[in-house]
Amino acid sequence: MTPLLGVQGLVKAFGGNQVLQGVSLQVNAGEIVGLLGPNGSGKSTLLNIASGFCPPDAGSIALRGEDISRLPAHRIVQCGMARTFQLPTMPTRMSVLEVAVAADTRHHGLWATLLRPAALEAAEADALERARRLLDELLLAPVQHLAASALSGGQKKLLGIACALMCKPRLLMLDEPTAGVHPNLRRDIARELRRLQAQGISQLVVEHDMRFIRDVCTRCIVLDRGQVVADCHPQELASHPQVAQAYLGLAAPVKEAIAA
Numbered sequence: 335m336t337p338l339l340g341v342q343g344l345v346k347a348f349g350g351n352q353v354l355q356g357v358s359l360q361v362n363a364g365e366i367v368g369l370l371g372p373n374g375s376g377k378s379t380l381l382n383i384a385s386g387f388c389p390p391d392a393g394s395i396a397l398r399g400e401d402i403s404r405l406p407a408h409r410i411v412q413c414g415m416a417r418t419f420q421l422p423t424m425p426t427r428m429s430v431l432e433v434a435v436a437a438d439t440r441h442h443g444l445w446a447t448l449l450r451p452a453a454l455e456a457a458e459a460d461a462l463e464r465a466r467r468l469l470d471e472l473l474l475a476p477v478q479h480l481a482a483s484a485l486s487g488g489q490k491k492l493l494g495i496a497c498a499l500m501c502k503p504r505l506l507m508l509d510e511p512t513a514g515v516h517p518n519l520r521r522d523i524a525r526e527l528r529r530l531q532a533q534g535i536s537q538l539v540v541e542h543d544m545r546f547i548r549d550v551c552t553r554c555i556v557l558d559r560g561q562v563v564a565d566c567h568p569q570e571l572a573s574h575p576q577v578a579q580a581y582l583g584l585a586a587p588v589k590e591a592i593a594a
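Here is the structure:
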């Protein structure tokens, strides 16, 4: 069966720094896959390439069997892949609700100019309804009229997820969704990701929080120095020798450290 996301032989260097060295991986429909690895292992670079923010030096990326390797970011979103960012920056003069509505790609570019006024008004009304529903589901309805820049770090990450979902993706890629987030909000984010999975939205999640990974992910891929060193179930991470080597520089696994 064709994977939802297929990455083959991905290579990327920045000057003399070889960040990705022939990375191959896949995400199947219905999965939440954790993308793990120590700092500098290539996780964010892989997300940037897959989402069209950075071109690869070699290799290919396919979404539902179609090559998207050289498409710009907005076209990749239209193909069904959306992402969030580790440190989302929000506008200071737009409310939470306005930011979510603006994320609806149907209001952008040629599509909006081709719509008749009545059709455009209907599309905007639909976007407003969807944005309000998403904000309610993501626990942001009480702050929807606040300035987006006034949100807490965790709330900004939830708003980033809402913006990505406005594009109706089949695959959602999240870059450290719980970094710097209060533990209570982490539980909320975990619950929302499982709910999205139940709705048929597959996910690729870059994350360092092992408890979150074990709670949410169905499979884990571990990068080290630009190469895949493990592809396993979350419960197997603590006993995987290559994972211990990547994180701890040890030849043998240390379960207590990995499980912490």
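The numbering used here applies: residue 335 is where the sequence shown begins, and numbers increase by one. No residue lacks a Cβ here, since even glycine has one placed at the ideal position from N, Cα and C. Computed from a predicted structure; not experimentally measured.
Separation of residue j from residue i, as counted between CA atoms
i: I535; j: R504; result: 5 Å
i: A446; j: V556; result: Because A446 carries a pLDDT of 49, less than 50, the predicted location of this residue cannot be relied on, and the following value inherits that uncertainty. Taking the straight line joining both Cα atoms gives about 41 Å.
i: R398; j: Q537; result: 14 Å
i: I410; j: E400; result: 11 Å
i: M500; j: L344; result: 29 Å
i: T426; j: L485; result: 10 Å
i: T552; j: R467; result: 27 Å
i: A496; j: L506; result: 11 Å
i: A532; j: T418; result: 20 Å
i: S403; j: A363; result: 20 Å
i: A564; j: V361; result: 14 Å
i: G349; j: D470; result: 45 Å
i: N438; j: H567; result: Reading off the sequence, residue 438 comes out as Asp, not Asn. Their Cα atoms are separated by approximately 35 Å.
i: E458; j: K502; result: 15 Å
i: Q478; j: Q412; result: 26 Å
i: L338; j: P476; result: 35 Å
i: L405; j: K490; result: 27 Å
i: P422; j: Q342; result: 29 Å
i: D509; j: H574; result: 24 Å
i: R521; j: D460; result: 30 Å
i: I592; j: C554; result: The pLDDT assigned to I592 is 49, lower than 50, so where the model puts this residue is not dependable, and the model offers no usable value.
Residues of its chain near residue i, where Cβ-Cβ distance is below 6 Å and the 5 sequence neighbours each way are ignored
i: D543; result: T512
i: G443; result: Reliability fails at G443, whose pLDDT of 48 lies under 50, so the model's placement of it is uncertain and the value that follows must be treated cautiously. Contacts found: none.
Whether residue i touches residue j by CB criterion (8 Å)
i: G356; j: A396; result: no
i: G494; j: V515; result: no
i: G560; j: Q420; result: no
i: A580; j: P372; result: yes
i: L472; j: V435; result: no
i: L527; j: I366; result: yes
i: M415; j: S394; result: no
i: A524; j: V562; result: no
Sequence-distant residues of its chain with Cβ nearer than 7 Å to residue i (five each side left out)
i: L480; result: S429 and V430
i: L354; result: L344, V345, K346, G376, T379, L380 and G560
i: N382; result: C388
i: T336; result: R398 and G399
i: L448; result: Low confidence applies to L448: its pLDDT is 49, below 50, so where it sits in the model is not reliable, and the reading given next is rough at best. Excluding sequence neighbours, L448 sits near nothing in its chain.
C-beta neighbour in chain B for residue i, strict 8 Å
i: A564; result: Absent here is chain B; the protein component of the structure consists of one chain.
Extent of the continuous beta strand (DSSP E) to which residue i belongs
i: L485; result: Per DSSP, L485 belongs to no beta strand (DSSP E) and is neither H nor E.
i: I555; result: R553 to D558
i: V477; result: Unbroken run through V477: none, as it is neither H nor E.
i: A513; result: Run containing A513: none; DSSP gives neither H nor E here.
i: I395; result: A392 to L397
i: I366; result: I366 to L370
i: L538; result: S536 to V540
i: A436; result: A436 -> not in any beta strand (DSSP E); alpha helix (DSSP H) instead, spanning V430 to A436.
i: L338; result: From DSSP, L338 is part of no beta strand (DSSP E); its letter is neither H nor E.
i: C501; result: Segment: none, C501 is in no beta strand (DSSP E) and carries neither H nor E.
i: Q561; result: Q561 to C566
Run of the alpha helix (DSSP H) containing residue i, from where it starts to where it stops
i: M544; result: M544 to V550
i: A524; result: P517 to A532
i: R409; result: A407 to C413
i: S385; result: Counting along the chain, S385 falls outside any alpha helix (DSSP H), and DSSP gives it neither H nor E.
heavy atom of the ligand HEM below 7 Å from residue i C-beta
i: A437; result: As for the ligand HEM, it is missing from this structure, which has no ligand bound.
For residue i, the nearest candidate out of the options (CA to CA)
i: A407; options: G364, L527, P389 and M424; result: P389
i: L369; options: V540, R464, L571 and R545; result: V540
i: A482; options: R521, G374, F546 and V433; result: V433
i: S358; options: A392, D470 and E365; result: A392
i: M424; options: R520, E458, L492 and C413; result: L492
i: N518; options: L508, D509 and F546; result: F546
Own chain, CB closer than 8 Å to residue i, minus 5 neighbours either side, in chain order
i: Q569; result: R548
i: D558; result: G371, P372, S375, Q576, Q579 and A580
i: L530; result: L499, L506 and Q537
i: R464; result: D438 and M500
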